[in-house]
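Everything on this sheet refers to the single structure shown next.
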Amino acid sequence: MSNKARTDARKPRRHTQDASSSNHPATPLIVHSYHGPVNQNNVGQASNAIFGDNLGSISQYAPGGQNERKAIDEAEGLKYLMQNMASGAIHDSSERCDAPKCMEETRVAVQEDIMSWIEAGDQDGQSKKIMWVTGPAGTGKTAILGTVADTCKEKGTLAATFFFSAFSGSANRRTKKYFVPTLAFQIMGQGGVEGTREHVLSSVTRDLGIIFTKNLKEQFIAMVLNPLLSVAQGPGNDAKAARRVIIIDGLDECDIAQNDPAGSTNAWGHLPIRRKEDDQREILSLLLLAASNPSFPFRILVASRPELTIRDFFATDGKACTRELFLDNKYDPNADIALFYDAKFSTICRRLGIRPEEWPGREAKLILISNASGQFIYAATVVRYIEGSPHSPNLQSQSSNKPSTPHQRLQHILGQQRTGSPHNPLEALDVLYRLILETCPDPELSMKWLGAARINDRGRRRQFPVWLLRLVLEASPGEEQYALGPLSSLLPTQISDEILRKPYSFYHKSFLDFIADPTRCGKRFLTEEEALTWVAQRFFRTLDKHVEGVARQSGPPSCQYPYLVLLRALNGLQKASLQTAVPYILSSDLQKWAAALAGWQQNPDMDARNLGWLVDVILWMLNILHGGCSRYLCRSSCRLSTKKVVGVLEAKGWRVPAFIQVLRSEWEGGHRYLDLRPPRYG
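Put into C-alpha cells, the structure is as follows:
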C-alpha cells in the first residue's frame, strides 16, 4: 500500500452522501435572482441564468438598481467580515470589561511618553512609526495599553486595537486567524479614514469571502493597506489620520494557527508544521510593511514580553522604524504600586470597619512593595488573595492551619521566606503562587484540576470548555469549587452560564507559566501526561453520568464536538498511562454509554456531517479501549470492554465489521472498526 493510501486509511471517514451518485440529471438552467419591481420600464437587476457547464452567464443592469445592488453587496461583505473577526479582542469589548486598567494617578509618566509619541504625528519622521512597549511578565503592559486605548478613543486618535490573550477570553484571540479582519472592521468604521469602508467591503465581496482563505499578507494588503493608501491622500484626510494609532497588545501570546478546518477529525493528530514564533514574526513583518510606506497614515503601538523572536525582529528588520519603551525602574513602578496598595487596603478597611491608619501598617506595605519588584501582577494577586472571594464560602476556614481572615492572609504572605536568588527575577511571585496553592484544602487535587484546564486538543491547541471538564472530572457534586474555589485570586471561580462554553480563564499568564515549569512550581508540578492520565481515570469513573450530560447540551450535535476532541486527546496517552485507567474502564457501564450514543442518531438535527461526528466518537472510544494492547493481541480487558460496546451497536442495527475486516484495518494503520456504520448511513 502506498504511503498516501495508508495515511488516508488512518482518517475517520466522513459519512456524507455523494451528490454525484444521484440519478437526477444536472439542471441545465438555473435562474438566480431578480431585484426591483416587476416593471418593463424599470428592471433594477436580473441575473438571468447559468447555461449548463461553463457556458457563462448573462446579467442585466439598469441605472436604477445599481445603488440597491451596492447596498446588498456591502451588507454581504459586512456579514462575511463579522463572521471572521474577533470582536472580543477590541479594547472596549464586553469580553474585556474586567481587563486591567491603570488606576488613576498611576503609570502617569509612561502614559505621557506614549501619548506624546502618538500626538507627535510626522514630526519624528517615518523612522519612528512603530513603538514597542516591553518588559518582564507582570509589569503592567496590558493595563497601560488598555488605558492608552481609552484615552485615544476619547481624543479621536484611535484607529484600531487587537488584544491577544492566550489564557482568557474567546479562542479567536489566541491566533493570527482573526487579526486582519478585526483591524479592517475597525478601520472602515470610526477609527479609519473617510472612504475606506467601500474599499474594505469590496475586497471581501469580490470573491465571495475567499479573501479569508488567503495568507495573512494578502489579507492585510487587501483589507487594510490598500484601502488606507487609496484614500489617505484625499483632501483633509492625511493630517488628521497621521495622529491615529493602531494598538496591538500581547503579541507574545499569539499562538500557532492551525489549518485543520473546524470540525475535521485527524485520526493521528498531525503536529503543526509551524511554530507560534513564526506567526508572531509574520505579523510583525506586516506591520513593518505598513510603517515603511510613506503614505501609511497611522502609527503602530505594540506591546509584548521581550521574547527572543520579537526582540530579534526589533533589533534587526524593524530597528530603523521602531522606538523601544522598556518598563524598568526609570518609570518608578514602586511609587505606583504604593498608590495601588493604599487604594486597595483602604477599600478592605472600609468593608471590615477598620481604620486605615491601624492596618495593615507602613512596615507591612513597604515589605509588599519590595516583594513586588516592580511587578504589578504581584501586587494585584496579593490584594485579591487578602480580600478572598466574596462569592463563595470560605473553604480555608475548615482547617485550623489555613488562613481565613484578611489579616491572617496578610501575615501568611509576610511570613514567607525568600532565598534572594539573583537568577530568578520572578522569585517573589513564585513564592506567592506556591503559598496560595498550599492554602487549598487538597493542593494535589487542585493541581490536577489546573492541569486538566491546561490540556489542549494537541492539534488546534484549544483548551476544553468548563461545562465538559465539570461533567467529566467531578466525582462528587461541588468538587470543582472545593478544588478551585480557594484559588479565586488566580482565576475566576464563579462562572456564569455564558462562560461555561469557554475554557477556564486566568487573571495573568504568569501563573500558567508557573504551573508549567517544574523549577518554579516545585513539588506540586504535574506533567501534561500525568494530568491527562488523571483525566482518563476520571473520564471512565464518571462515564455513566457524564454521557447523559453531554447529550443534554443545547443546540445541534456539533455543540458536543469538544467531547470528540477530548476522546482524541485521551487516545494520545502512553500505554503505561492508559493501564492505570483499566480498573475504571472495567467498572464503568460501557453498555449504557454505547446505548446513549446510538440513541443520539434519532436527533432531528443529525445530518450527514453530525452522523459522521457520532461515528467518530465511537471509533475513538474503541481505539482507547485497545490502546494498551499489542498490535494483534488484545488484553482481556480490551476484549471484554470492546464486546460490550460492539454488542450494543449490533443490537441497535449498526453494521459492525467482521473480525477479518478489523484486522485488515489495523494492518493498514487505521481505526480497527473503520467500517462501522449506523443504520441511517447510506
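Going by our numbering, the letters in the sequence shown line up with residues 191 to 872, in that order. Note that beta-carbon positions come from the ideal geometry of N, C-alpha and C, so glycine has one too. All values derive from a computational prediction rather than experimental measurement.
Please report the distance separating the alpha-carbon of residue 860 from that of residue 815.
Cα to Cα, residue 860 sits roughly 15 Å from residue 815.
Beta-carbon gap between residue 886 and residue 285 smaller than 8 Å
Any answer about residue 886 is impossible in this case: the structure gives the chain only from 191 up to 872.
Take the Cβ of residue 644 as the centre, count every other Cβ of all protein chains shown within 10 Å, and call the residue buried at 16 or more, exposed below.
When all chains shown are included, residue 644 counts as buried.
Would you report the Cα separation of residue 309 and residue 440, rounded to the nearest angstrom?
Going from the Cα of residue 309 to the Cα of residue 440 covers about 23 Å.
Within the continuous beta strand (DSSP E) that includes residue 352, where are the two ends?
348-353
Cα-Cα separation, residue 292 to residue 337
6 Å
Just how far apart, CA to CA, sit residue 226 and residue 263?
Legend: pLDDT at residue 226 = 36, less than 50; position of this residue unreliable, no value from coordinates given.
Quick check on this structure: which residue in 357, 300, 287, 373 has the alpha carbon closest to the alpha carbon of residue 271?
373
For the stretch 479-564, list the alpha helix (DSSP H) runs that are entirely contained and at least 4 residues long, ordered along the chain.
498-505, 523-542, 552-562
Given 8 Å as the limit, is there contact between the stretch 522-532 and the stretch 484-499, that is, 3 or more CB pairs closer than that?
no
Nearest-angstrom beta carbon gap, residue 354 and residue 287 [assumed within contact, 8 Å]
With 8 Å as the limit, residue 287 and residue 354 do not qualify as a contact, their Cβ atoms being about 18 Å apart.
Grouping DSSP H, G and I as helix and E and B as strand, with all else coil, what is residue 367?
coil
Thinking just about the alpha-carbon of each residue, which of 375, 867, 346, 726 is nearest to the one in residue 352?
375
What is the DSSP secondary structure of residue 644, counted as helix, strand or coil?
In the structure shown, the three-state DSSP call for residue 644 is helix.
For the 8 Å Cβ check, are there 3 or more pairs between the stretch 804-820 and the stretch 756-767?
Taking a cut-off of 8 Å for Cβ pairs, the stretch 804-820 and the stretch 756-767 touch, as three or more such pairs fall below it.
Find the nearest neighbour of residue 418 within the set 404, 385, 578, 501, judged by alpha-carbon distance.
385
Touch test, the stretch 681-696 against the stretch 718-733, Cβ-Cβ under 8 Å, three pairs minimum:
No contact exists between the stretch 681-696 and the stretch 718-733.
Work out the CA separation of residue 391 and residue 438 for me, nearest whole Å.
23 Å
Test item: CB-CB of residue 774 and residue 731 under 8 Å:
yes
How is the alpha helix (DSSP H) around residue 387 delimited, first residue to last?
386-395
Count Cβ pairs between the stretch 341-350 and the stretch 547-555 that sit closer than 8 Å; are there 3 or more?
no
Measure the C-alpha to C-alpha separation of residue 474 and residue 865 and round it to an integer number of angstroms.
47 Å
Going by the CB atoms, is the gap between residue 661 and residue 789 shorter than 8 Å?
no
Residues bridged to residue 322 by DSSP?
492, 514
Is DSSP giving residue 728 helix, strand or coil here?
helix
So which of 605, 701, 679 has the shortest CA-CA distance to residue 641?
701
At what residues does the beta strand (DSSP E) containing residue 734 begin and finish?
Segment 733-741 is the alpha helix (DSSP H) holding residue 734; no beta strand (DSSP E) there.
Less than 8 Å between the C-beta atoms of residue 695 and residue 681, yes or no?
yes
Beta-carbon of residue 716 versus every beta-carbon of chain C: anything under 8 Å?
This model lacks chain C altogether, as it is built from one protein chain only.
Whole-angstrom Cβ separation of residue 470 and residue 436, contact assumed at under 8 Å?
Residue 436 and residue 470 do not touch by the CB rule: their CB atoms are close to 16 Å apart, not below 8 Å.
Residue 867 to residue 825 span [Cα, whole Å]
25 Å
Since residue 274 and residue 369 are thought to touch, with beta carbons under 8 Å apart, how far apart are those beta carbons, to the nearest angstrom?
Incorrect: roughly 10 Å between the Cβ atoms, too far for contact.
According to DSSP, is residue 607 helix, strand or coil?
coil
Can you check which of these residues, 318, 323, 281, is closest to residue 301 by C-alpha distance?
323
Return the chain-ordered ranges of every alpha helix (DSSP H) run that is complete within the stretch 746-780 and spans a minimum of 4 residues.
751-760, 765-769, 772-777
Among 685, 762, 446, 720, which residue has its Cα nearest to the Cα of residue 465?
Closest by alpha carbon: 446.
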